[in-house]
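Here is the structure we will look at, set down as C-alpha cells.
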Amino acid sequence: MGDHHHGPAKGLSRWLYTTNHKDIGTMYLWFSFAMFLLGGAFAMIIRAELFQPGMQLVEPGFFNQMTTLHGLIMVFGAIMPSFVGLANWLIPMMIGAPDMALPRMNNWSFWILPPAFLMLASTLLMEGGAPAFGWTFYAPLSTTYAPPSVTFFIFAIHILGVSSIMGSINIIATVMNMRAPGMSYMKMPLFVWTWLITAFLLVAVMPVLAGAVTMMLMDIHFGTSFFSAAGGGDPVLFQHIFWFFGHPEVYIIILPAFGVISQIIPAFSRKPLFGYASMVYATAAIAFLSFIVWAHHMYTVGMPLAGELFFMYATMLIAVPTGVKVFNWVTTMWRGAMTFETPMLFSIGFLVLFTIGGFTGLMLSIAPADFQYHDTYFVVAHFHYVMVAGAVFSMTAAIYFWLPKWTGRMYNETMGKVHFWVSFIGFNITFFPQHFVGLAGMPRRIPDYALQFADFNMMSSIGAFIYGASQLLFLYNVIAAITSGKRVTDEKIWDGAEGLEWTLPSPPPYHTFEVPPTIEEQPAH
Amino acid sequence: MLNARALAAAALTPLAANAQNQINMPTGVSDAGVVITELGAEIYGLHMLIFWISVAIGVGVFGIMLYSIYAHRKSRGVKPSQFHEHTGVEIAWTVIPFFILVAMAVPATSTLLEVYDNDDAELSILVTGYQWKWKYEYLDADGENISFFSNLATSQEQIYNTDVKGENYLLEVDQPLVIPVDTKVRFLITASDVIHSWWVPEIAVKRDAIPGFINEAWTRVLAEGVYRGQCTELCGSYHGFMPVEVHVVSQDEFDDWTASKRGAAAADAALAAQELSVDDLMARGADIYNASCLACHGAKGEGGLGNAIAGSAIAMGGVDSHLNVIVNGVAGTAMQAFGAQLSDVDVAAVTTYQRNAFGNNTGDVVQASDVVSYKEG
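From first to last, the protein sequence lines are chains A and B. If you're matching positions, the first sequence starts at 1112 in the numbering used here and goes up one per residue. If you're matching positions, the second sequence starts at 10 in the numbering used here and goes up one per residue.
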C-alpha cells in the first residue's frame, strides 16, 4: 500500500482482495440485488399457490419452506446488505474520509456472506427440505420438530451475524475517527447519523440472535432443554430472546432508510432539511424505544396483565418520534421548489406508504385489538408497508439518486418513472387487500384458505406479479446506465443536492479525499 | 363502519358483487343485530376508533403534502424558502400526538382489563393443540370429563381440486366444540407438541397454545349460532388445515349434547369388550385413518411427511411392534403417541385397517382386547 495513487487491480483478484470501500460497496449492492431477486422468486411461488383456493402448485410443507426462505433472504440477504453497501459507498464520501477505518475487515465482512447464503439456499436440496418454521423460527417447531437442515440454517445465521457485527464496528470506527476536520457530529449528513445509530443497534442485538440460535443448536444436538418444556425449559423464552433481537432489527432496517429519505427530499425540494437536530434526536429516541417494546410481538402468549400494559404503552410511544420525522419531511417539502425525478418519486412513495404502515403499526400496538390482528394477513400487510414501501423504496430511491455520481452515467429517466409507477401500483394492489383478508380472519403462513378470501388473494397475487416484473425493469435500467448511459460530468448532478460527495468528480476516482476537505460554514446537511 | 364499507365498495366495485367479501374485523354483532359477545363488540369499537383517528391524521398530513406537491413545484416558477428550523413547531408536534396517544390508551386499557378477567367461569374447557387438530376436554367437577378430538372435515378431494369446494371449505370439523349460550366459558389452552394458537374471530378469542404452559381466555356468547376460526400460529405443514368450529346452543340442547357424548363414551367402552367383525373394524379404521393418519401418511398409504404404510415393514411385520408405533409414537419425530388420543377400539380398528388396506393384505385382525393386553404389557 506504499503507492496511494494506484487504480484497481485487474480481473477477479480486484474483487477478492479489495479493501476499497467503493468496490466493497458495489459488491454488497450487487449481492443484495441478487438476493432480492431470489427472495422475490420465492414470493412469486407463494403468490402463485395462493392465486386460488385449493392446493395447486406446491405441497404445504414446501410452501412453508418458501415463506421461511423468503423472509430470511429478504431481511438478511437483501435489505440489510444493501444498506451496508450504501454505507460503504457513501459514508467515507460524506464525511470526507479516504476509506473505511478497517478496510481488511471490510473485505472479510462481505466475503463471508455469499457462502452463508449458498449454504442457506442449499438446504432446499437436503433430505427433509429447507427450514419450514417461518423466519421467526419459534421453538419447538424449529428444534424438536425441525428438519435436519436446521443445523445449516443455524450456522448460516451465525455467519450473517458475524458479518453484520464486523460491518457495524467498521462504521462506528469510521464515523467516530475519520470525519474531516470541522465536521462536528451535528454537521454530519443524516444518512451518516442514522447509520451510526443503526450500527450501535446491530452491535447490541446480533449477539442476542447468535445466543438464540446457539441455544437451539444445544437443544437439538447436545441434550439441553432451553426451549423444551418437557425438560424444564421454556418455549416462550425463545420468543422473548428472538424479539429482543427482532424488534431492534426492524429499526436496523428502517433507520438507514430514514437517512436516505432525509438526503433526497431536501435535494429535490431545493430547501434544507427541516428540523435537522430534531431528526437526530428522534432517531436516537426510536433506537432507545426499540429495546423496550419487543413483547408487542407476543401479546397472545399469555403474558401477565402488567407486562401487557407496559409493552402496549411503550409501543404506542414510538408513534411520537416517528411522527416527528414524517412532519419534518413534509415541512421540508413545504414552500420548496420541487421537481419529481425518479429518486424523489420513490421518496414520496416511501413517505405516503410508510406512513400508512405506521398507522397500522399504531393499531397493532393496541393490545386488546391485537388479539384480533395477531398473526393474520393484517400483520403481513403492515410489515410489507414498512419493509417494502419503506426500506426497499428508499433503497431504490438511493440507487437512482447516487448511481450517476458513482458511475458518471445517467439512467433513463422515463424508464425510472415507469418503474416507480408500476412499482407503486403493483405494490398497493398486492398489499392493500391483505389488510382486508387479515381483518376478515385469514391467518398468515397458510398455503390454502377459505372461500371468502379468494377474490382479494387473487388481486394480491396479480399485484405481486406486476411488482415483481417491475424490478426487472429496474435491473435493466441500472445495467443500461452503467454500460451505455449518457455521461454526466458535473460534480453536482442534482442542482439541489448538498454534501461532500457532490463536490467530487463524477465518477469519483478510485481513491477520494486522500487529503481531507475543509468544511466551510455551510452546514453539511 | 358504514363509511368504511362504502369507501371500499366504491374502490372495488367489481368485487363488491360477491357479498362474501368481508373487508373489516367482525363487528361482534350478528346479522340479526344481536350482540355476539360484548367483548368482541368493544374490541371492534376500539379498532374503529384508532382507525378513524389514523384516518384523520392521515388526511391532514397527506393533504398538506399533496397541496405542497401541487403548489410548491419548480415548474410553477416558485423560489424555494430557506427556513429549516422552528423549535415551537417541533415541540407542538411532539406534545400533541402524545396526548392523542393517551386518549387512545384509556379505552385500550379498560378493554384489556376485561380480556384478562377470567374469574367466575361457569364452565371450563381444556383446549389442547396437536399437529394438526384440536382436543377439547370439558372439565367436570365429578371427574366425568367429556373429551374428544376435532379434525378437519374437508375432504382431500376438495383440497386437491377434484371435487367442488363446499361453503365452509377448510373451516369445518368432524366434531365441533359445543358451548351453552349466555354462559361464561373459560378456556384453558395448551399444546402437546409445537405452539398453536386458538382463534375464533367472531367471539374475539385468540390465545397461543404452548406446550408446558396453560393459558387462560374466556367468552360469554350471547347469540346462538356456529362460529368458525383457525389455528393462527405456524405449527408445521398442515397449519392451514386445523380449523376451529364452535356451536353455541341453548342450555337444554347443551345438556342433551353432553348426555349423548357421555352415552357414546360408554358405548365405546362396551365395544372394547366385544369381538368386532373384520368389516366393522375396517370401516371404523378407515374413518380413523382419514382423520388422524392421512395428513402425513397419504390417502393411499403412500407416505409423505411420514413413512409409507403400504408395503411397510412395520404394518406388515409383527403386530406388537406395529402397536408400539401407534400407541407410543416415535420419539424425535412427528409421529405422535396415539394411545392417548384414540380409544382402544379405535387403535384396534386403525391397526387392522393399516394391516389390510393399501395392498398390505396381512389378514391380521387386531381386537380392542389385544390393544388392552399390549398396553398392560
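The C-beta atom is built at its ideal place from N, Cα and C for all residues, glycine as well.
Neighbour-count burial assignment, residue i, 16 or more Cβ in a 10 Å radius
i                : result
I1308 of chain A : buried
F92 of chain B   : exposed
G372 of chain B  : exposed
A1388 of chain A : exposed
V1626 of chain A : exposed
G1165 of chain A : buried
A1565 of chain A : buried
D217 of chain B  : buried
N170 of chain B  : exposed
V354 of chain B  : buried
L1583 of chain A : exposed
I1363 of chain A : buried
R1598 of chain A : exposed
P1203 of chain A : buried
N224 of chain B  : buried
A300 of chain B  : buried
S159 of chain B  : buried
N12 of chain B   : Caution is warranted here: a pLDDT of 47 is assigned to N12 of chain B, below 50, making its placement in the model unreliable, and the coordinate value is therefore given only provisionally. With fewer than 16 Cβ atoms within 10 Å of its Cβ, N12 of chain B is classed as exposed.
I1600 of chain A : The question names Ile, but residue 1600 of chain A is Thr in the sequence shown. The residue is exposed, with fewer than 16 neighbouring Cβ atoms inside 10 Å.
A18 of chain B   : Any reading at A18 of chain B must be qualified, since the residue scores a pLDDT of 42, below 50, and its modelled position is unreliable; no value is offered.
K1121 of chain A : exposed
Q376 of chain B  : buried
Y139 of chain B  : buried
Residue span of the beta strand (DSSP E) that contains residue i, given as start and end
i               : result
H205 of chain B : H205 to V209
K193 of chain B : K193 to A200
R237 of chain B : G234 to C240
R229 of chain B : N224 to R229
G138 of chain B : L132 to Y139
R216 of chain B : V214 to A218
Rounded distance between the beta-carbons of residue j and residue i, thought under 8 angstroms
i                : j                : result
L1464 of chain A : Y1496 of chain A : 5 angstroms
G1519 of chain A : S1617 of chain A : 5 angstroms
V255 of chain B  : I188 of chain B  : 6 angstroms
L1384 of chain A : T1443 of chain A : 5 angstroms
M1230 of chain A : A1267 of chain A : 5 angstroms
F1531 of chain A : T1453 of chain A : 6 angstroms
W1200 of chain A : G1293 of chain A : Not confirmed; about 23 angstroms, so no contact.
Closer than 7 angstroms at the beta carbon, the chain A residues around residue i
i               : result
M325 of chain B : Result: empty, since nearest Cβ-Cβ is about 24 angstroms, beyond 7 angstroms.
A107 of chain B : Reading off the sequence shown, one finds Phe at residue 107 of chain B, where the question assumed Ala. Result: V1431.
M387 of chain B : Beyond the ends of chain B as shown, which are 10 and 386, falls residue 387 of chain B; an answer cannot be given.
T118 of chain B : L1420
Contact set between residue i and chain A, taken where Cβ atoms lie within less than 8 angstroms
i               : result
A77 of chain B  : The sequence as given places Ser at residue 77 of chain B; Ala does not occur at that position. Within 8 angstroms Cβ-Cβ: V1441, M1444, W1445, R1446, G1447 and M1449.
Y125 of chain B : L1416 and E1419
V178 of chain B : A small correction: the amino acid at residue 178 of chain B is Tyr; Val does not occupy that position in the sequence shown. In chain order: P1164, A1561 and L1562.
K174 of chain B : P1164, G1165 and L1562
G67 of chain B  : T1466, I1467 and F1470
Closer than 8 angstroms at the beta carbon, the chain B residues around residue i
i                : result
N1175 of chain A : L243, G245, S246 and H248
F1167 of chain A : Sequence inspection shows Gln at residue 1167 of chain A; the Phe mentioned does not correspond to that position. In chain order: N170.
L1366 of chain A : The premise fails here: L1366 of chain A is roughly 19 angstroms from chain B at the closest Cβ pair, so nothing lies under 8 angstroms.
P1242 of chain A : Near P1242 of chain A there are no residues of chain B at all, since even the closest Cβ is about 12 angstroms away, more than 8 angstroms.
I1557 of chain A : Q239, H248 and G249
Residue range of the alpha helix (DSSP H) that includes residue i
i                : result
R271 of chain B  : Q260 to A281
I335 of chain B  : V328 to N337
I1577 of chain A : A1565 to S1595
F1311 of chain A : L1301 to H1332
P116 of chain B  : T96 to V124
F158 of chain B  : First-last for F158 of chain B: I155 to S159, but that is the beta strand (DSSP E), not the alpha helix (DSSP H).
Y1139 of chain A : H1132 to E1160
Below 8 angstroms, can you find three or more Cβ-Cβ pairs linking the region 1322–1334 of chain A to the region 1463–1473 of chain A? Result no; under three Cβ-Cβ pairs closer than 8 angstroms.
Specify whether the region 1405–1420 of chain A and the region 1476–1491 of chain A touch according to this definition: at least 3 beta carbon pairs, one from each stretch, less than 8 angstroms apart. A contact exists between the region 1405–1420 of chain A and the region 1476–1491 of chain A.
Pairing CB atoms from the region 1277–1284 of chain A with CB atoms from the region 1311–1318 of chain A, are three or more of them under 8 angstroms? The count of Cβ pairs closer than 8 angstroms, one atom from the region 1277–1284 of chain A and one from the region 1311–1318 of chain A, reaches three, so the stretches are in contact.
Across the region 171–180 of chain B and the region 241–257 of chain B, are there enough close Cβ pairs to call them in contact, namely three or more that are closer than 8 angstroms? Result yes; three or more Cβ-Cβ pairs closer than 8 angstroms.
Is the region 1392–1406 of chain A touching the region 216–233 of chain B, taking contact as three or more C-beta pairs under 8 angstroms? Counting Cβ pairs under 8 angstroms, fewer than three are found: no touch.
Segment contact flag, the region 1219–1234 of chain A with the region 1390–1398 of chain A, C-beta cutoff 8 angstroms, min 3 pairs: Three or more Cβ pairs closer than 8 angstroms define a contact, and the region 1219–1234 of chain A falls short of that threshold against the region 1390–1398 of chain A.
Contact between the region 84–103 of chain B and the region 35–52 of chain B (3+ Cβ pairs under 8 angstroms): The answer is no - the region 35–52 of chain B does not touch the region 84–103 of chain B, with fewer than three Cβ pairs under 8 angstroms.
Three or more C-beta pairs closer than 8 angstroms, one from the region 327–339 of chain B and one from the region 267–286 of chain B: is that the case here? Between the region 327–339 of chain B and the region 267–286 of chain B there are fewer than three C-beta pairs closer than 8 angstroms, too few to call the two in contact.
Would the region 1138–1147 of chain A and the region 1180–1193 of chain A be scored as touching if the rule is three or more Cβ pairs under 8 angstroms? Touching, yes, given that three or more Cβ pairs across the two stretches are closer than 8 angstroms.
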